[in-house]
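There are 2 protein chains.
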Amino acid sequence: MTSVELYDKTKTLEMRKKLIGQSCRLFFSEDPIKIVRARGQYLYDENGVEYLDCISNVQHVGHCHPLVTKAAAAQMELLNANSRFLHDNIVHYATRLAATLPPKLSVFYFVNSGSEANDLALRLARQHTQNEDVVVLDHAYHGHLTSLIDISPYKFRKLGRQKEWVHVAPLPDTYRGEFRETHPDPAQAYADTVKEVIDQVHSKGRKVAAFFAESLPSVGGQIIMPYGYCSKVAEYVHAVGGVYVADEVQTGFGRVGSHYWAFQLQGEAFCPDIVTMGKPMGNGHPLACVVTTAEIAKAFTDNGVEYFNTFGGNPVSCAVGLAVLDVIEKENLMANALRVGGHLKELLTELQSRHAMMGDVRGVGLFLGFELVKDQTERTPATEEAAHMVKKLRERQICVSTDGPWESVVKFKPPMCFSMVDAERVVGNIDEILAGIETGMAQV
Amino acid sequence: MTSVELYDKTKTLEMRKKLIGQSCRLFFSEDPIKIVRARGQYLYDENGVEYLDCISNVQHVGHCHPLVTKAAAAQMELLNANSRFLHDNIVHYATRLAATLPPKLSVFYFVNSGSEANDLALRLARQHTQNEDVVVLDHAYHGHLTSLIDISPYKFRKLGRQKEWVHVAPLPDTYRGEFRETHPDPAQAYADTVKEVIDQVHSKGRKVAAFFAESLPSVGGQIIMPYGYCSKVAEYVHAVGGVYVADEVQTGFGRVGSHYWAFQLQGEAFCPDIVTMGKPMGNGHPLACVVTTAEIAKAFTDNGVEYFNTFGGNPVSCAVGLAVLDVIEKENLMANALRVGGHLKELLTELQSRHAMMGDVRGVGLFLGFELVKDQTERTPATEEAAHMVKKLRERQICVSTDGPWESVVKFKPPMCFSMVDAERVVGNIDEILAGIETGMAQV
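Pasting the structure below:
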């Protein structure tokens with residue numbers, strides 16, 4: 001046992017298996033990593049071995065950022081009462097967030113997790129519209145709560161059940177979906193599939209409360225929605241009295257580089273009715289949020305039933321959130337995401353010419369993914385090879401993970417301080433590992 | 001504007017009304033307090049005016065306890081990655097919690113709020129039993145999520161809807177309910193009402209997944225379950241294949257003084273199948289938990305669907321939780337709750353002889369309440385008088401609030417460092433205010 005541990009790794013693992021619900025899988029579950037320290041984009045295990053972290057999107061401004069720690073500690077020392085007492089932090093934080101959003105999105109609800117945010121979004125949508133049904137995208141994941149498992153095809157398909165009020169539209173995936181990069185107008189074509197779903201809902205005598213989608217579908221495989229899709233969908237949803245909920249839990253706070261929110265990639269004409277935020281918001285501190293219009297908020301207040309979230313919007317959580325906004329700005333992390341993400345994407349794209357398995361490289365800013373395929377024509381997902389890639393990169397002290405319906409997409413959602421050198425190191429290693437796989441295949 | 005404010009109070013209030021969802025009401029909403037600093041059981045407003053805090057059960061070991069702040073800051077500086085990486089804190093914390101519980105309750109799931117905990121409890125119960133229905137107590141509140149509004153009569157009655165899978169049993173209230181303090185065996189009588197509800201469920205061809213109740217119903221009016229009730233209910237629920245969920249979100253962590261968990265007041269023979277914990281767990285840090293049996297946890301794992309909670313069980317949350325356990329122990333806060341709570345209850349009981357409005361004084365440790373009534377025979381709830389009491393105490397810099405179906409119960413759930421002097425000060429003021437109300441009434 002090292003001096004930085006309470007238990008040696010074998011013991012920790014043994015205790016974990018016994019004491020902690022096994023429904024939560026460890027990273028690299030066959031040979032998990034024990035991390036005791038982290039800084040920026042680097043993780044350190046109990047022996048001081050350094051790992052490059054390409055997946056911790058929660059630790060948005062870098063692991064253990066000193067300004068965030070300082071802000072949290074200072075506020076913890078002063079006050080951490082609940083939001084039934086008046087306090088400046090909550091209103092100041094709301095003002096700062098409002099400045100990043102279209103003016104229409106002006107009423108905030110602070111909560112403790114992306115799941116709490118998405119559940120509240122659902123409640124707001126239903127209360128406002130007085131409708132019940134929800135249209136979601138295939139393969140979507142919106143959180144671990146009962147109501148969110150219900151609207152997450154990624155989960156409810158595995159459980160073999162679908163609620164009668166949930167309706168699934170195709171993922172607007174131009175690499176694997178029905179309408180691909182060669183289609184003249186995939187945005188319109190995919191939006192029309194949503195329209196068809198809405199029509200089916202109505203033909204059953206039901207009514208749509210919300211269209212619910214991540215602004216960039218993440219578990220779905222780091223999908224970039226075709227430009228124009230969201231506006232058209234919003235138009236169809238509004239026409240039947242529903243609202244558009246943009247789940248920005250994974251994608252917000254400047255990760256896409258060019259904009260603060262991924263939905264803004266769809267142009268200024270598009271504005272969701274409800275936006276949910278989470279993971280990166282507190283850099284690891286449990287903090288999340290729902291923002292909506294004054295009209296929807298009013299409908300929720302007018303039902304006369306109070307909504308109180310015990311920890312939501314407390315002075316410490318807000319101080320942490322404010323510090324994160326400050327660091328994003330002071331360290332120009334959006335510009336960094338754009339520059340480094342752009343370079344990383346370029347380097348990965350370059351690999352396509354040399355490796356037949358590099359099926360697609362996609363993403364914006366530091367929200368990127370590449371898909372491994374067995375062949376370029378059929379685009380057969382190379383699931384095992386992707387798992388092999390993850391394993392091999394881990395041996396080279398680089399942490400990545402996979403996503404997508406076939407776990408064939410290797411994803412990058414690193415802390416926003418990820419550097420050019422990090423990008424080059426990762427791609428160099430991927431290049432070698434791909435060459436290794438190809439040699440291995442040639443030998444078979 | 002004072003030097004400790006970002007905005008003056010009028011401005012803060014104005015911003016709050018515009019920017020923050022109005023579904024969350026402020027304390028003393030007609031004239032809210034702005035709190036900028038707190039320590040122990042004392043709150044300080046922007047002008048340095050001190051308030052005695054009788055209601056912040058979340059700040060369990062006292063507002064801004066330095067050991068909690070220190071533990072949080074130290075861990076924030078070191079690491080705050082998610083629980084997919086192996087870490088000692090989560091297993092160490094689970095071990096410490098396990099030591100306070102019956103051995104049967106051995107598998108932990110860490111989450112961010114009591115609501116997340118109760119939702120997960122519901123998922124565990126349903127997965128294990130493969131049943132859907134839930135029996136709850138009247139007036140219960142279990143959280144703000146969609147699934148929990150459904151099982152909270154306190155909320156769903158206001159919305160005018162009840163799900164077909166939710167069934168309500170009477171609150172075992174020996175002061176106001178059907179079976180009162182004069183009944184020879186209220187525990188058996190109230191347990192039988194649950195049996196009747198279960199029988200009705202079965203007669204509809206439905207099946208019970210869980211009986212879900214706070215160990216001491218809180219929103220229901222600081223109710224003490226009659227001894228033996230829980231064991232009998234558990235027997236009836238188990239007989240039909242359901243599980244017993246004890247919601248300890250408000251009542252756990254030694255608040256009752258004699259035991260660590262309020263369900264333990266029902267004797268050693270009683271052990272719930274699932275226990276949820278929340279509010280006081282992190283002294284204000286968003287931290288909550290579900291603990292269950294190995295068997296129920298296994299059923300949840302075996303469904304093959306992963307449960308991942310992004311912030312749940314992170315090293316900082318666990319460090320905070322561990323510090324709270326340490327302070328409870330080091331400062332003998334359970335003994336303090338017993339001693340001070342006992343004294344407070346005695347002093348309040350004494351008031352009954354002098355004030356006809358003092359209807360009932362009940363509670364254990366620092367979970368106490370007294371009920372104001374218009375008359376001792378009919379026990380007519382004195383709702384307005386209770387509101388008046390809250391207002392008058394606030395003018396004397398003492399914060400309390402009301403609960404119960406008629407908001408006629410003035411409740412005490414102060415930080416556990418509440419002192420004998422605090423108790424005497426509160427009761428002295430209540431005495432005077434009651435006398436004032438009586439004089440006023442006499443004048444009418």
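Chains as they are written, first to last, in full-length UniProt numbering: chain A, 1 to 444; chain B, 1 to 444. Virtual Cβ for every residue (Gly too), placed ideally from N, Cα, C.
Could you name the residues of chain B that residue i contacts, counting a contact when the two beta carbons are closer than 7 Å?
i: S83 (chain A); result: C24
i: T12 (chain A); result: L86, D88, V91
i: F27 (chain A); result: R84, F85
i: K155 (chain A); result: V305
Quick one: which chain B residues come within Cβ less than 9 Å of residue i?
i: N303 (chain A); result: S23, K158, L159
i: P32 (chain A); result: R84, F85, L86
i: residue 448 (chain A); result: Residue numbering for chain A in the displayed model covers 1 to 444; residue 448 (chain A) lies beyond these limits and cannot be assessed.
i: T129 (chain A); result: Going along chain B, no residue has its Cβ under 9 Å from T129 (chain A), so there is no contact; the nearest lies around 15 Å.
Keeping to the same chain, check which residues put their C-beta closer than 6 Å to that of residue i; ignore five residues upstream and five downstream.
i: R394 (chain B); result: F28
i: V291 (chain B); result: L105, F108, V275
i: A297 (chain B); result: V107
i: E424 (chain A); result: none
i: L43 (chain A); result: I35, Y51, D53
i: W165 (chain A); result: E132, D133
What three-state label does DSSP hand residue i in the structure shown?
i: I437 (chain B); result: helix
i: F270 (chain B); result: coil
i: G282 (chain B); result: helix
i: K345 (chain A); result: helix
i: K411 (chain B); result: strand
i: L265 (chain B); result: helix
i: R206 (chain B); result: coil
i: T276 (chain B); result: strand
i: V427 (chain B); result: helix
i: R394 (chain B); result: helix
i: S147 (chain B); result: helix
i: T301 (chain A); result: helix
i: S231 (chain B); result: helix
i: K9 (chain A); result: helix
i: T293 (chain A); result: coil
i: H238 (chain B); result: helix
i: D192 (chain A); result: helix
i: E306 (chain A); result: coil
Around the C-beta of residue i, are 16 or more other C-beta atoms found within 10 angstroms, so that it is buried, or is it exposed?
i: R354 (chain A); result: exposed
i: A435 (chain B); result: exposed
i: R25 (chain A); result: exposed
i: Y227 (chain A); result: exposed
i: R84 (chain A); result: buried
i: S16 (chain A); result: Looking at the sequence itself, residue 16 (chain A) is Arg, so the reference to Ser does not match. It counts as buried.
i: D88 (chain B); result: buried
i: S317 (chain A); result: buried
i: A294 (chain B); result: exposed
i: Q162 (chain B); result: exposed
i: N332 (chain B); result: exposed
i: S203 (chain A); result: exposed
In chain E, what lies closer than 9 Å to residue i by C-beta?
i: V107 (chain A); result: Going by chain labels, chain E is absent from the structure shown, which instead holds the protein chains A and B.
Find the residues of chain A that neighbour residue i, judging by a C-beta separation of less than 7 Å, and give them in chain order.
i: M76 (chain B); result: C64, T69, A72
i: I398 (chain B); result: Per Cβ cutoff of 7 Å: no residues; I398 (chain B) is ~15 Å from chain A at best.
i: L52 (chain B); result: Within chain A, no residue comes near L52 (chain B); the closest Cβ sits about 14 Å away, beyond 7 Å.
i: R123 (chain B); result: T146
Might you give, ordered along the chain, the residues of its own chain that have their beta carbon closer than 8 Å to the beta carbon of residue i, omitting 5 neighbours on each side?
i: I437 (chain B); result: M357, E385, H388, M389
i: D45 (chain A); result: I33, K34, I35, V36, Y51
i: L159 (chain A); result: I149
Closer than 8 Å by beta-carbon distance: list the chain A residues that pair up with residue i, in chain order.
i: V134 (chain B); result: Within chain A, no residue comes near V134 (chain B); the closest Cβ sits about 11 Å away, beyond 8 Å.
i: I35 (chain B); result: L79, A81, F85, L86, H87
Using a Cβ-Cβ cut-off of 7 Å (strictly less than) and excluding sequence neighbours within five positions of residue i, which residues of its own chain qualify?
i: residue 446 (chain B); result: The requested residue 446 (chain B) is not part of the displayed model; chain B covers only 1 to 444.
Listing by chain order, which chain A residues have their CB less than 9 Å from the CB of residue i?
i: V327 (chain B); result: Under the 9 Å cutoff, chain A gives no residues; its nearest Cβ is about 14 Å from V327 (chain B).
i: F300 (chain B); result: G21, Q22, S23
Going along chain B in order, which residues have a C-beta closer than 8 Å to the C-beta of residue i?
i: T95 (chain A); result: M15, L19
Taking the runs of the alpha helix (DSSP H) that are 4 residues or longer, which of them lie wholly in the stretch 152–177 of chain A?
If we require 4 residues or more, the alpha helix (DSSP H) runs fully inside the stretch 152–177 of chain A come out as 153–156.
Beta strand (DSSP E) runs wholly inside the stretch 70–136 of chain B, at least 3 long, in chain order:
107–111
Whole beta strand (DSSP E) elements within the stretch 317–390 of chain B, 3-residue minimum
358–364, 367–372
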